[in-house]
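Visitor: Be aware that the sequence shown starts at 1, since it is given in full-length UniProt numbering, and climbs by one per residue.
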Amino acid sequence: MKISIIFGAIAQVASAHYFFDTNIINGVAQTPGRYVRTSTRAIKYNPIKFSSNPAADIRDNSYADGPDIRCNQGAFASAGNTQVLTVTAGSEVRFRLGVGATMQHPGPGMVYMSRAPGDNVKAYDGSGDWFKIFQEGVCNSSGDFTTNAWCTWDRDWIAAKIPSNTPNGEYLVRVEHIGIHRSHVNQPEHFVSCMQVKVTGGGNGVPGPLVKFPGAYKSTDSYANFSIYGGHKPFTFPGPAVWNGSGTSNPVTTTRSSTTTTLATTTRPSSTTAASTGGSPLYGQCGGNGWTGPKTCARGRCVVSNAWYSQCIP
Ligand SMILES: [Cu+2]
1 MKISIIFGAI
11 AQVASAHYFF
21 DTNIINGVAQ
31 TPGRYVRTST
41 RAIKYNPIKF
51 SSNPAADIRD
61 NSYADGPDIR
71 CNQGAFASAG
81 NTQVLTVTAG
91 SEVRFRLGVG
101 ATMQHPGPGM
111 VYMSRAPGDN
121 VKAYDGSGDW
131 FKIFQEGVCN
141 SSGDFTTNAW
151 CTWDRDWIAA
161 KIPSNTPNGE
171 YLVRVEHIGI
181 HRSHVNQPEH
191 FVSCMQVKVT
201 GGGNGVPGPL
211 VKFPGAYKST
221 DSYANFSIYG
231 GHKPFTFPGP
241 AVWNGSGTSN
251 PVTTTRSSTT
261 TTLATTTRPS
271 STTAASTGGS
281 PLYGQCGGNG
291 WTGPKTCARG
301 RCVVSNAWYS
311 QCIP
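(1) Please list, in chain order, all residues with a C-beta atom less than 6 angstroms from at least one heavy atom of ligand 1.
(2) For Thr152 versus Met113, is the C-beta spacing smaller than 7 angstroms?
(3) Measure the C-alpha to C-alpha separation of His232 and Asn81 and round it to an integer number of angstroms.
(4) What residue from Leu85, Asp65, Ile228, Ile162 has the CA that sits closest to Trp150's CA?
(5) Does DSSP put Ala56 in a helix, a strand or coil?
(6) DSSP three-state label for His184, please.
(7) What's the call for Ile178, buried or exposed, on a 16-neighbour Cβ count within 10 Å?
(8) Run through the DSSP bridge pairs and tell me what Trp157 is partnered with.
(9) Within 10 Å of its beta-carbon, does Gly27 have 16 or more other beta-carbons around it, so buried, or fewer, so exposed?
(10) Excluding the five sequence neighbours on either side, which residues of its own chain have a C-beta within less than 8 angstroms of the C-beta of Asn289, listed in chain order?
(11) Would Arg96 be called buried (16 or more neighbouring beta carbons within 10 Å of its own) or exposed?
(12) Return the CA-CA distance between Asn225 and Val242, expressed in angstroms with no decimal places.
(13) Just how far apart, CA to CA, sit Ala29 and Val36?
(14) Per DSSP, which residues does Thr88 bridge with? Please list them.
(15) Could you name the residues that DSSP lists as bridge partners for His232?
(16) In or out: Ile58 buried (at least 16 other Cβ within 10 Å) or exposed?
(17) Put Ile178 into one of helix, strand or coil per three-state DSSP.
(18) Classify Lys132 as buried or exposed, calling it buried when 16 or more other Cβ atoms lie within 10 Å of its own Cβ.
(19) For Gly118, name the three-state secondary structure that DSSP assigns.
(20) Tell me, which residues are paired with Tyr223 by DSSP?
(21) Taking C-beta to C-beta, are Cys297 and Gly287 nearer than 7 angstroms?
(22) For Cys302, does the three-state DSSP call read helix, strand or coil?
(23) Are Gly39 and Ala75 closer than 7 angstroms when you measure CB to CB?
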């Protein structure tokens, strides 16, 4: 009896966890590891947590404030055997989870890019500058804030459009889902992987704001001290604002699947431009490194979330 209870608990934990090991091209899932670097984790689906968390809660010695937060543990070792996917700027990349898992943790989905030195992504460890190209948080404002209110809930993919202005070259494209169900005890769970991509047909944009991994996330950030309990509340994404295409506005309509319904105002802070009316809208961005938009709020007050992001909060 006791044994079956223990097995039940383990199975439940395992099924909630996940890893991105493949991508989808025109509806066809690729062989795992073909374009997405494979991690060397002992247990592939384990999350990455902060080094300040209790030792018993840390998995495989991977830390959100260590280099494994770039592309996952040991992923650079597979770089040479991972192919480089050619993607036309303006079209999407779509990551998919392995082994039939879905994201059954509440929290944001995000996608970042980092250009490889010498445009040789197979030799790049991800230690350079990163910019964010996509983020999604709450899509279903009438949903349960602990589960299906979140865009990624029970999905097996995260997709992002490579911005049209992205300069041609080779990049790491980094996908991330963060489970924030334990952020109220400062234990967000990060699930990350990187795809090797060659961008063609791009432009002359200057991507930014730029961050490093590790460094972009701190255990003191609001997302790492957030409670999903007690109803809906504004969520501030970790890391920098989404690159707005270097001054040109980033279209809200993306190539993301139609299964994603409405984008909540909190999901695309960089697209909120209210400079002419004096101040950012409610939940819009109002400051942070690299932010060139309004520094005041048309409604609410401007609250610093982290070095790269301040938000208008009621
Ligand atoms: Cu978990």
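Glycine residues also receive a C-beta, built at the ideal position from the N, C-alpha and C atoms.
Guide: Short version:
(1) Ala16, His17, Pro47, His105, Gly179, Glu189
(2) no
(3) 44 angstroms
(4) Ile228
(5) helix
(6) helix
(7) buried
(8) Arg96
(9) exposed
(10) Pro209, Pro240, Ala307, Trp308
(11) buried
(12) 22 angstroms
(13) 12 angstroms
(14) Thr200
(15) Note: His232 sits in no beta bridge, so no partner.
(16) buried
(17) strand
(18) buried
(19) helix
(20) DSSP lists no partner for Tyr223.
(21) no
(22) strand
(23) First, the amino acid is wrong: residue 39 is Ser here, not Gly. Yes, these two residues count as a Cβ contact at 7 angstroms.
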